[in-house]
Each structure stands twice: as C-alpha cells, then as structure tokens.
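J.: Protein chains in written order, with our numbering: chain A, 15 to 178; chain B, 81 to 442. Just so you know, even glycine gets a beta-carbon here, dropped at the ideal spot from N, CA and C. One structure is given below, represented as structure tokens, and several questions about it will come after.
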C-alpha cells in the first residue's frame, strides 16, 4: 500500500512519455520511406516505373514531338519503392526521407489526377497513332520511290539492250 | 426456466475495435447462447488481386488486408507466388522475413494485451502496455521504413537490407524491454483487480478447441499444441532460430494473456538469434517466369494460422487467390466460449480473442 503511494507521488515528478509533436521532433529513421524524387536529365524514358507501380501513382504523358513528361501523385503513392528497384538507370528515380505533405482540397488530387491519368494515356496513344501514320506514309513513299527507281533501272537496261 | 433476454453487442460498440456483431441470449446475467456475425467490412480484395493487379504487385495489395499482421500477409503471398514461379529464396531473405514477423508479433501481442486490460476496466495498465509497445513500432520503422504497412517481402526475396547500426539498436532496445516485460508479466499474473475479470472468464476446454478447429494463442491457451512454426520447416527455418512451443491449460482470458506474454520471450530470443547469425547471401532471386499451376502456403501470423491458395495460368494476372485468415477459424469457438459467463465480462473476452475482422472479411 505505501509502496503504491510513493510510486504515485514519484510519478508526478517524472517526465512525460509522450512527445509534444508540433514543437518537438518525433522519431524518423534515416532511411524512412518518403517522397519519390525524379531526375529528368538522367531518365531514359523506358516507363518501367510506371509499369511496376502498384497503385498507379506515376504516369508519363507525351506531346506530338515525342517528348515525355513525368507526373507523380503523392496522395496515391504507397511509398513502397518498387519504382526505384525497377529503374535500370541509377538515380533517375529515387526515394527521399522526407515525409509527404498533406493533400489539400484546392489541389483536386483525386478527380484531377484521374483526369490527368486518362489524358496522359490518350496523349501517348495519339502520338503512337501519329507515328504509325507517319511511318505508313513513309513506307508508302519509300515503296513508291523504290518502284520508280526499279522502273528507271528497268528502262535503263531496256535502253542498254536496245542500244546493243 | 428463467425469462430469457436477447442482448446485441455491435456492430458499433465502445468496447469493439472493429465491426463485429454478437447476439447474446441471456438468463438473468448468464449467457446461454450466442450468435456471431462477422462480415461487415467486405472490400473485395481477392477479386482485385485476380483482375486489376499483376502478380508482382499483389504482394503490396495483400499487405493492406490487415494493418497489424501486414508482414504475415505479404510474406505468405510472396511464398505462394514463389512456389508458382518455382524459385528458391536466398537464406538471408528468409531470416529477415522471420525477423520482421517476430517484431510484428511483439507489437501485435502487446496491443491485444493492452486492450484486454482496457476492456477489463484497468485503464492505467492499458496506458503502460501501450507505452512499452512503442519501441517495437520504432524498430519496425527503422527496419522497414514505415510504422505500419511494411511492404518488406516481395516476390523473390525482401525489399530492404538490415543495416548494422539498426541491428545494433534492435539488440539494445530488446535488452531494455526485457525488464519491462517482466514487470508486465508480474502485473498480468498477480494483479487482483485484473484477475476478477480474467480468471475463469471465456474458458474453452481442450476437446472443444480441438473440435472447433481453433488456431493461434486461443488454442495454445487451452492446451492444444498447434503452431505452424512447429510444423513446417521448408519455407522458413523456425526451429533453427530457437522456436519453442508455449501452452497453458486453463483456456480462459488469463491463460491467453500469459501465453501471449510468454511468446514475447520466445520472440525476443528468436530476434536475437537471427541478428547474431544472419547469413551473408544476396537478398533476392530474380526471375522472369510467370506463375503457373496451383500452390498453398501456411504461415503463423500473430493470431494463428494464415492460409494462402493461389492459381496461375502463365499470364501476369493470377487466376485465383484465396486468403483464409486466423480469425475466420476461430469464429465458431468465439461464439461457443461465451456460454456460461456473465454478460459483464463480455468486453474482456472479446478483446482476449484478438479478433481481426478486416482480415476475415477482406
């Protein structure tokens, strides 16, 4: 009984176990799984990070010249680091120890992202279709040129044989 | 016959952590019959795993089945997928998986114990247990990079290596934790207030436990020696790192507390052994194969046996994934063990089952 009493009195003078969070820093380890960083200069644009990402937090859009742009949504990301492991070029995509800031309403992070995602896929399709079209045109032109050349060659040989 | 009353508890109740519904038929204060209803949190995870996600991404999806035993789910899935693509995991990866599973067991068991104390009306002990639990969360954060949702096991191995300074800090923190655990053991064993709600409450006999197919600490408290760690050796070498079976005989709330506390000593020993004898091998086996055929895996989660079944058809997406969580096996016995108890001790009994409904209903 007296033991409990003294223990209780002693507890009054003990430091609290909890930390006063906004004023004191909480425990964050060195290799905390934080925000995903991206280096445009190192990227080889293979889109492997987009392919492996489980929640689909990374997407690349593409303009008509073929230049790709990287988009990342920190509210969709689960910070698993799978993109970093899949990246063939070291340092192009990396994980920092910085915790992600909260998503704000003004950012429209859900609907805005879904729209962006769909548009990015569409832009890539449009570029692919354009490329295919151009390739087809080029192939047709090449074919035409080849046929012309052949004809010319043929006529040349005809002329030659005629001359002989 | 005395007049019978039906008293429901849940799906929303102050003593429940998760949506669970029990309907008790009582005579005066004694419970004579119980109906259980557990499916309130269906999320369709199995279907998502078989349609939307590729088989390498599924290990991150099944981690979200449960917040507490996240690592058990990811490891069990990784193992079943490794069986389907037919690869052998490096030994270091196996050891690191066991390390995180045991750290996770410490934090899960301490959470359960704290809730038993809280629901028995011992708020101060709840605070104390939660205070002592904090170290395990910080260690998990240091090892995996996150307090919950570890994403540690991936198909083929583990995602991160254990740094030497982190291993050192684990050993130091565990040394500090042992006297705290002794203190908790003393309180849970000898405290008179706690014994009023815990001793003899929610008891189940060994025969009933056997008949109703109980798993985990619930079964071991009744004297039934079931533990997957004792039975399988091929996937994770538990006996190599000093596993030992813990059983009690009385099968009540008190026995469950003691089983959980004694298992913590075993977990501490396993973690120390793993860190001291960590083999130097690569972390991951790479493969480009696609899953084919069928496979099953059993793994001891903190709550009992976790079972995974998967079927592949040589494509990126699995054909079928079945998850059987430990709480699902225990539901029948949960309803049975209430019979003959006072209605007032129901919250403590529910907490001592350590039910995980988000696992069960997925």
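Could you give the DSSP three-state label for residue 348 (chain B): helix, strand or coil?
T.: If DSSP states are grouped into helix, strand and coil, residue 348 (chain B) belongs with the helices.
J.: For residue 95 (chain A), would you say it is in contact with chain E, using Cβ-to-Cβ distances shorter than 8 Å as the test?
T.: No chain E is present in this structure, whose protein chains are A and B.
J.: Is there a C-beta anywhere in chain A that falls below 8 Å from the one on residue 328 (chain B)?
T.: no
J.: Quick one: measure Cβ to Cβ for residue 346 (chain B) and residue 134 (chain B), integer angstroms, because I've assumed they're closer than 8 Å.
T.: That pair is no contact at about 37 Å.
J.: Mind pulling the chain A residues with CB within less than 9 Å of residue 239 (chain B)?
T.: 94, 95, 96 and 99
J.: Using Cβ-Cβ distances below 9 Å, what residues of the region 37 to 61 of chain A are close to chain B?
T.: 41, 42, 43, 44, 45, 46, 47 and 48
J.: Suppose you measure from the CA of residue 62 (chain A) to the CA of residue 356 (chain B); what does that come to, to the nearest Å?
T.: 38 Å
J.: Cβ closer than 9 Å: which chain B residues qualify as neighbours of residue 66 (chain A)?
T.: 134, 136 and 137
J.: Along chain B, which residues have their Cβ under 7 Å away from the Cβ of residue 31 (chain A)?
T.: 211
J.: Answer yes or no: does any C-beta atom of chain A fall closer than 8 Å to that of residue 140 (chain B)?
T.: yes
J.: Does DSSP put residue 104 (chain B) in a helix, in a strand, or in coil?
T.: strand
J.: Looking at the ligand GTP, does it come within less than 7 Å of residue 51 (chain A), judged from the CB to the closest heavy atom?
T.: Of ligands this structure carries none, so the ligand GTP is not represented either.
J.: For residue 116 (chain B), which residues of its own chain have a beta-carbon under 7 Å away from its beta-carbon, when the five flanking residues on both sides are left out?
T.: 102, 411, 414 and 415
J.: Rounded C-beta distance between residue 87 (chain B) and residue 106 (chain B)? I'm assuming under 8 Å.
T.: 6 Å
J.: Pairs of beta-carbons, one from the region 220 to 234 of chain B and one from the region 366 to 379 of chain B, closer than 8 Å: are there three or more?
T.: no
J.: So who's on the other strand from residue 378 (chain B), going by DSSP bridges?
T.: B:387
J.: Counting only Cβ pairs nearer than 8 Å, list the residues of chain A close to residue 434 (chain B).
T.: Result: empty, since nearest Cβ-Cβ is about 25 Å, beyond 8 Å.
J.: May I have the straight-line CA-CA distance separating residue 340 (chain B) from residue 92 (chain A), to the nearest angstrom?
T.: 32 Å
J.: For the putative contact between residue 274 (chain B) and residue 202 (chain B), defined by C-beta atoms under 8 Å, what is the C-beta separation to the nearest angstrom?
T.: 6 Å
J.: On the three-state DSSP scale, how would you describe residue 418 (chain B)?
T.: coil
J.: Could you give the DSSP three-state label for residue 401 (chain B): helix, strand or coil?
T.: strand
J.: So, does the CB of residue 173 (chain B) fall closer than 8 Å to a CB anywhere in chain A?
T.: no
J.: Please return the same chain residues whose Cβ sits closer than 7 Å to the Cβ of residue 330 (chain B), not counting the five positions on each side in sequence.
T.: 283
J.: Assuming residue 381 (chain B) and residue 149 (chain B) make a contact with CB atoms under 8 Å, what is their CB distance in whole Å?
T.: 4 Å
J.: Would you call residue 152 (chain A) buried or exposed, if buried means 16 or more other Cβ atoms sit within 10 Å of its Cβ?
T.: Answer is exposed; the Cβ neighbour count stays below 16.
J.: What does residue 226 (chain B) touch in chain A if you count any residue whose Cβ is under 8 Å from its own?
T.: 46, 47 and 93
J.: If residue 435 (chain B) and residue 100 (chain B) are in contact, beta carbons under 8 Å, what's the gap, nearest whole angstrom?
T.: With a beta-carbon spacing of about 6 Å, residue 435 (chain B) and residue 100 (chain B) fall inside the 8 Å limit used to define contacts.
J.: With distance defined between alpha-carbon atoms, name the residue in B:438, B:439, B:158 and B:258 nearest to residue 349 (chain B).
T.: For the residues B:438, B:439, B:158 and B:258, the minimum Cα distance to residue 349 (chain B) belongs to B:258.
J.: Are residue 119 (chain A) and residue 57 (chain A) closer than 8 Å when you measure CB to CB?
T.: no
J.: Indicate whether residue 241 (chain B) and residue 363 (chain B) have their beta-carbon atoms separated by less than 8 Å.
T.: yes
J.: Do you know offhand how far residue 34 (chain A)'s Cα is from residue 40 (chain A)'s?
T.: 9 Å
J.: My output table needs one value for residue 27 (chain A): the three-state DSSP class, helix, strand or coil.
T.: Residue 27 (chain A) falls in the coil class under three-state DSSP.
J.: Measure the alpha-carbon distance for residue 229 (chain B) versus residue 82 (chain B) and round it to whole angstroms.
T.: Cα to Cα, the separation comes out at about 50 Å.
J.: Going along the chain, which residues of the region 214 to 225 of chain B sit with their C-beta nearer than 7 Å to a C-beta in chain A?
T.: 218, 221, 222 and 225
J.: Nearest-angstrom Cα distance between residue 290 (chain B) and residue 304 (chain B)?
T.: 7 Å
J.: Would you kindly report the start and end of the unbroken alpha helix (DSSP H) that includes residue 296 (chain B)?
T.: 296 to 301 is the span of the alpha helix (DSSP H), which, as asked, contains residue 296 (chain B).
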